[in-house]
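Chemist: After the structure tokens below, expect a handful of questions from me.
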Ligand SMILES: [Zn+2]
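Chains as they are written, first to last, in my numbering: chain V, 6 to 487; chain Z, 11 to 356.
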């Protein structure tokens with residue numbers, strides 16, 4: 006068995022850190038006592054350090070199941086950054102060649118990131134099983150709960166897959182979960198007696214502000230005013246790539262500091278450059294879709310502004326959690342125009358199959374053997390796993406309602422005149438700091454921002470100026486010995 | 011694909027088919043597309059825009075017709091003088107790829123990934139830094155660059171040698187702006203270069219064009235590396251060559267060179283006769299003249315008769331029916347093969 010002192014020694018040896026963050030040591034201790042663990046740790050609290058260290062100490066394969074491609078790639082990149090090369094993301098994006106390579110070199114990897122669907126591939130599954138993994142990690146574990154708004158049907162497979170793997174020690178990770186969802190995660194994984202590690206979800210250094218506007222034009226003006234007044238760096242989130250592009254261009258023309266858009270349509274080179282320039286503060290503001298920031302280890306982000314209402318309080322809380330990780334004051338701002346939620350309602354309407362669509366599928370499933378449409382893929386998933394038609398149709402109705410409920414909850418947060426932090430606390434059944442003047446505002450003003458005494462701008466590192474000749478670029482790239 | 015590109019793929023003298031140009035860009039390798047693509051001299055563009063949409067392409071085509079920059083000529087199209095002057099007017103703002111042909115011989119995407127990662131690795135190495143975010147590349151390229159870098163160190167290659175190869179290439183481009191655009195694509199220690207959007211602002215060109223220029227200039231490094239076996243970059247080419255022919259067409263060609271007849275090939279490999287003929291025509295179009303045994307495929311007599319029939323006619327206007335009426339035994343395959351041969355000898 007491993008003692009706390011030994012854990013600390015390993016932490017320092019492997020990472021250079023001398024102390025754990027909240028929840029890390031407790032989770033590791035539980036795991037080394039062979040306890041399956043559900044850990045609720047806020048974004049940026051160093052969830053990945055838990056399994057990273059577990060792998061390094063146990064020297065056994067760690068399999069991390071994760072729902073999002075971009076998240077997996079970011080996690081592999083940050084392991085690489087810390088000098089750990091034995092990490093790979095096994096995703097649908099890999100070429101056939103790469104898949105074959107990884108499959109035949111599986112024993113060379115210490116960390117395997119994989120999506121639930123990929124894990125069902127029989128050949129790969131057998132190989133993983135034969136390597137006898139030391140730890141199964143379910144990242145974003147709330148996706149398994151049908152209660153939750155982020156539910157992903159393929160996560161339902163995980164309980165069975167875990168048993169088929171020989172019930173390895175399991176770590177379930179999530180940033181936010183209501184009590185119902187926590188219970189549901191454990192039930193769906195068949196681990197009702199899992200040990201629970203809970204840290205405070207409150208981010209008491211973040212001021213929560215909202216501002217209601219009358220028009221799109223006023224929204225843009227308000228955004229400019231806030232972006233101008235706030236210390237940088239910061240992130241502005243959008244629910245459309247087009248808006249992210251357009252606003253980035255406007256801000257870039259208006260202000261002397263660097264602003265860029267970030268979304269899935271950029272080439273991978275441009276995504277890399279945008280992230281790195283933001284890390285070094287050459288770019289001070291990023292206009293992003295939610296794809297941005299998942300794996301970013303940047304502590305000094307001062308503000309997160311939402312230009313559109315997110316779909317759920319869970320999403321919102323995770324996204325604003327990227328601000329103020331250094332513990333210094335930061336601010337989260339939500340801009341709202343009446344009926345903004347229509348976008349989210351329409352998105353949810355379009356993503357959940359209707360009764361007619363379910364019926365259409367069940368009448369002739371053969372017609373849908375090869376189907377690209379997300380909705381029919383979803384119906385196919387349940388059909389192939391033996392769900393009766395009526396039950397499924399009812400279930401989708403329920404989901405539609407729960408998505409709508411989540412969006413309405415989000416809107417009520419936006420317009421709530423009493424304490425917003427208190428509302429978040431009661432949503433997650435968590436203890437929050439009591440309201441004071443650094444807590445929240447339903448009608449954010451520049452005066453309020455000024456009174457917060459936010460820290461100064463982070464200063465850009467060197468090489469901030471664009472280089473104007475290629476010879477200089479080359480000579481900066483390589484440090485020559487003489 | 012924009013107005014400039016489409017205009018530049020058309021000609022004022024040679025009438026061209028709307029669908030051939032589209033199919034060349036999309037990379038459709040039918041014999042007819044390959045043949046006319048060769049005749050138009052645009053085969054280097056084969057597969058350059060695999061995702062080109064029919065709707066977009068036709069829309070653009072009709073717009074140019076309506077603006078009388080193109081004119082119909084016997085179900086084909088020529089550039090009008092308005093089209094020619096528009097092309098001249100647009101040219102300074104556009105980039106004409108210099109190394110298109112290289113992209114047909116080598117896997118440019120894998121080359122690019124390898125090279126950019128090598129630059130990053132060597133840059134960080136020169137600063138003695140081991141903690142950095144590597145560029146995201148495929149697993150096999152990642153493994154490739156790792157083993158290349160071990161080789162680099164074991165053979166005592168220097169950062170200077172590496173840098174000087176890049177420097178020579180950029181300097182030989184003979185255009186400081188282009189060299190800067192390419193250099194800004196590189197990523198290394200504390201330098202992440204500029205995104206295509208940032209360069210677009212700086213150079214007042216669309217971002218898509220910046221990416222196109224960078225990709226082209228990267229491709230241009232391949233022949234330079236290939237010509238220098240001493241290059242520290244030489245190993246990068248391993249496994250990147252693309253076979254111009256399909257496996258099956260290549261096999262057919264080899265068998266013909268070994269003296270097998272069409273019938274023997276058809277029976278042994280259970281192919282259709284038309285397939286074997288397509289293999290031969292594809293090889294004839296895509297390979298140099300000495301790689302295809304024309305004399306074995308076309309007897310002297312046939313060649314002489316065809317030569318006589320079409321003596322005074324431009325190659326693009328040759329008509330199979332006319333030849334067929336005078337030579338009843340002539341097949342379309344022989345006719346087309348002779349046409350290819352003559353294209354290559356002229
Ligand atoms: Zn409050």
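Just so you know, even glycine gets a beta-carbon here, dropped at the ideal spot from N, CA and C.
Looking at residue 227(V) and residue 237(V), is the spacing between their C-beta atoms short of 8 Å?
Modeler: Indexing the first chain from 1 puts residue 237(V) at position 232. Indexing the first chain from 1 puts residue 227(V) at position 222. No.
Chemist: Name, going along the chain, the residues of the stretch 169 to 181 of chain Z whose beta-carbon falls closer than 9 Å to a beta-carbon of chain V.
Modeler: Within the stretch 169 to 181 of chain Z, the qualifying residues are 169, 170, 172, 173, 176, 177, 180, 181.
Chemist: Does residue 71(V) pass the burial test, meaning 16 or more other C-beta atoms within 10 Å, or should it be called exposed?
Modeler: Numbered from its first residue, the first chain carries residue 71(V) at position 66. Under this definition residue 71(V) is a buried residue.
Chemist: Are three or more beta carbon pairs between the stretch 413 to 433 of chain V and the stretch 302 to 318 of chain V nearer than 8 Å?
Modeler: Touching, yes, given that three or more Cβ pairs across the two stretches are closer than 8 Å.
Chemist: Entirely within the stretch 193 to 278 of chain Z and at least 4 residues each: give me those alpha helix (DSSP H) ranges in chain order.
Modeler: List check, alpha helix (DSSP H) in window: 206 to 213, 217 to 229, 231 to 236, 257 to 267.
Chemist: Would you report the Cα separation of residue 308(V) and residue 79(Z), rounded to the nearest angstrom?
Modeler: Within the first chain, the letter at position 303 stands for residue 308(V). Within the second chain, the letter at position 69 stands for residue 79(Z). Rounded to the nearest angstrom, the two C-alpha atoms are 52 Å apart.
Chemist: So with CB distances below 9 Å, who are the chain V contacts of residue 196(Z)?
Modeler: Residue numbering aside, residue 196(Z) sits at position 186 when the second chain is read from its first letter. Simply 478, 479, 482.
Chemist: Of all the CB atoms in chain V, is at least one closer than 8 Å to the CB of residue 247(Z)?
Modeler: As a position in the second chain, residue 247(Z) is number 237, starting the count at 1. False, the Cβ-Cβ gap to chain V never drops below 8 Å.
Chemist: Between residue 216(V) and ligand 1, is there a pair consisting of the residue's CB and a ligand heavy atom that are separated by less than 7 Å?
Modeler: Translated into the one-based positions of the first chain, residue 216(V) becomes position 211. No, Cβ of residue 216(V) sits at least 7 Å from all heavy atoms of ligand 1.
Chemist: Please confirm whether any heavy atom of ligand 3 lies closer than 7 Å to the CB of residue 440(V).
Modeler: You won't find ligand 3 in this model; what it holds is ligand 1.
Chemist: Is it true that the stretch 239 to 257 of chain V meets the stretch 161 to 178 of chain Z, where meeting means three or more beta-carbon pairs spaced less than 8 Å apart?
Modeler: Taking 8 Å as the limit for Cβ pairs, the verdict is that the stretch 161 to 178 of chain Z does not touch the stretch 239 to 257 of chain V.
Chemist: Spatial neighbours of residue 203(V) within its chain, please: CB distance less than 6 Å, with the 5 preceding and 5 following residues excluded, ordered by chain position.
Modeler: Sequence index remark: in the first chain, residue 203(V) carries index 198 (1-based). Once the five neighbours on either side are set aside, the close Cβ partners of residue 203(V) are 45.
Chemist: Under 8 Å between C-beta atoms, does residue 70(V) make it to chain Z?
Modeler: Within the first chain, residue 70(V) is the residue found at index 65, counting from 1. No, residue 70(V) does not count as interfacial toward chain Z.
Chemist: Looking at the C-beta of residue 89(Z), does it have a partner C-beta in chain V at a distance below 8 Å?
Modeler: Position 79 of the second chain, counting from 1, holds the residue named residue 89(Z). Output row for residue 89(Z): interface = no.
Chemist: Put residue 262(V) into one of helix, strand or coil per three-state DSSP.
Modeler: As a working note, residue 262(V) is residue 257 in the first chain. The answer is coil: DSSP assigns residue 262(V) none of H, G, I, E or B.
Chemist: Short of 9 Å Cβ to Cβ, which residues in the stretch 33 to 61 of chain Z face chain V?
Modeler: Per Cβ criterion, the list is empty.
Chemist: Please name the residue, chosen from 211(Z), 349(Z), 210(Z), that lies closest to residue 313(Z) on a Cα-to-Cα basis.
Modeler: The residue given as residue 313(Z) occupies position 303 in the second chain. If we check each option's Cα against that of residue 313(Z), 349(Z) comes out closest.
Chemist: Would you say residue 338(Z) lies against chain V (beta-carbon separation less than 8 Å)?
Modeler: Position 328 of the second chain, counting from 1, holds the residue named residue 338(Z). By this cut-off, residue 338(Z) is not an interface position.
Chemist: When the Cα atoms are used, what is the spatial distance from residue 344(Z) to residue 337(Z)?
Modeler: Your numbering for residue 344(Z) matches position 334 in the second chain. Your numbering for residue 337(Z) matches position 327 in the second chain. In a straight line, the C-alpha of residue 344(Z) is about 11 Å away from that of residue 337(Z).
Chemist: Give me the DSSP bridge partner(s) of residue 168(V).
Modeler: Against the first chain, residue 168(V) aligns to sequence position 163. According to DSSP, residue 168(V) bridges with nothing at all.
Chemist: How is residue 445(V) classed by DSSP in three states: helix, strand or coil?
Modeler: Position 440 of the first chain holds residue 445(V). Residue 445(V) falls in the strand class under three-state DSSP.
Chemist: With burial defined as no fewer than 16 other Cβ atoms inside 10 Å of the residue's Cβ, what is the status of residue 184(V): buried or exposed?
Modeler: Residue numbering aside, residue 184(V) sits at position 179 when the first chain is read from its first letter. Exposed.
Chemist: Is residue 140(Z) close to chain V? Criterion is C-beta to C-beta, closer than 8 Å.
Modeler: To locate residue 140(Z), count along the second chain from 1; it is residue 130. By this cut-off, residue 140(Z) is an interface position.
Chemist: Of all the beta strand (DSSP E) runs that stay within the bounds of the stretch 301 to 346 of chain V, which reach a length of 3 or more residues?
Modeler: Listed in chain order, they are 308 to 311, 335 to 342.
Chemist: Is the beta carbon of residue 124(Z) sitting closer than 8 Å to the one on residue 31(Z)?
Modeler: For the purposes of this step, residue 124(Z) is taken as the residue at position 114 of the second chain. For the purposes of this step, residue 31(Z) is taken as the residue at position 21 of the second chain. No, the Cβ-Cβ distance between residue 124(Z) and residue 31(Z) is not below 8 Å.
Chemist: Tell me the DSSP secondary structure of residue 481(V) in three-state form.
Modeler: Reading the first chain from its first residue, position 476 is the one you call residue 481(V). Residue 481(V) falls in the helix class under three-state DSSP.
Chemist: Roughly how many angstroms separate the alpha carbons of residue 178(V) and residue 59(V), rounded to a whole number?
Modeler: Start at 1 with the first residue of the first chain, and residue 178(V) comes out as number 173. Start at 1 with the first residue of the first chain, and residue 59(V) comes out as number 54. The alpha-carbon atoms of residue 178(V) and residue 59(V) are separated by roughly 14 Å.
Chemist: Alpha carbon to alpha carbon, how far is residue 98(V) from residue 476(V)? Give it in angstroms, no decimals.
Modeler: Taking the first residue of the first chain as position 1, residue 476(V) is located at position 471. Taking the first residue of the first chain as position 1, residue 98(V) is located at position 93. Residue 476(V) and residue 98(V): Cα-Cα distance of roughly 36 Å.
Chemist: Check this for me: beta carbons of residue 332(V) and residue 210(V), under 8 Å apart or not?
Modeler: Looking up residue 332(V) in the first chain gives position 327. Looking up residue 210(V) in the first chain gives position 205. Result yes, Cβ atoms of residue 332(V) and residue 210(V) sit closer than 8 Å.
Chemist: Would DSSP call residue 51(Z) helix, strand or coil?
Modeler: If you number the second chain from 1, residue 51(Z) lands on position 41. Residue 51(Z): coil per DSSP, three-state reduction.
Chemist: Can you grab the Cα-Cα spacing for the pair residue 111(Z) / residue 222(Z), in whole Å?
Modeler: Within the second chain, numbered from 1, the residue matching residue 111(Z) stands at position 101. Within the second chain, numbered from 1, the residue matching residue 222(Z) stands at position 212. The alpha-carbon atoms of residue 111(Z) and residue 222(Z) are separated by roughly 14 Å.
Chemist: For a contact defined as C-beta to C-beta under 7 Å, what are the partners of residue 1(V) on chain Z?
Modeler: No answer is possible for residue 1(V): the residues shown for chain V start at 6 and end at 487.
Chemist: Residues in its own chain within less than 8 Å of residue 379(V) by CB, not counting five upstream and five downstream?
Modeler: Numbered from its first residue, the first chain carries residue 379(V) at position 374. If we look at residue 379(V) and ignore the five residues flanking it on each side, its Cβ neighbours are 356.
Chemist: Pick from 23(Z), 131(Z), 166(Z): whose alpha carbon is nearest that of residue 153(Z)?
Modeler: Numbered from 1 along the second chain, position 143 holds the residue referred to as residue 153(Z). It is 131(Z) whose Cα lies nearest to the Cα of residue 153(Z).
Chemist: Would you identify the three-state DSSP class for residue 86(Z), choosing helix, strand or coil?
Modeler: Within the second chain, residue 86(Z) is the residue found at index 76, counting from 1. It is a strand residue.
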